[in-house]
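According to the numbering used here, the sequence shown holds residues 90 to 158 in order.
Before any comments, here is the structure.
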Amino acid sequence: MDIINLREEFIKLGQAIKAANLVGSGVEAKMVIQDGLVKVNDEVETRRGRKLYDGDIVEFEGEQVMIKK
């Protein structure tokens, strides 16, 4: 499991999956999120602006990323 360390209070979902190199661009992030392919804390999330905080877990194509403060 990869870890994204927060610099601010939160990171948006689209930014997080791009920062974790799960997608190659912001446009690709938008598409996979809108298509319901990304989960946050085991629930499908379709809002790319969803704010992620310390302890949240993002999953895409079998890869998991934990958000840490």
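Using N, Cα and C, we set each Cβ at its ideal position, and we do this for glycine too.
query	result
Exposed unless 16 or more other CB atoms sit within 10 angstroms - verdict on residue 103	buried
Straight-line gap, residue 154 to residue 123 (C-alpha atoms, nearest Å)	19 Å
Sequence-distant residues of its chain with Cβ nearer than 7 Å to residue 112 (five each side left out)	106, 118, 121
Residue 120 - containing alpha helix (DSSP H), residue span	115-123
Euclidean distance between Cα positions of residue 94 and residue 101	13 Å
Residue 128 beta carbon less than 8 Å from that of residue 143	no
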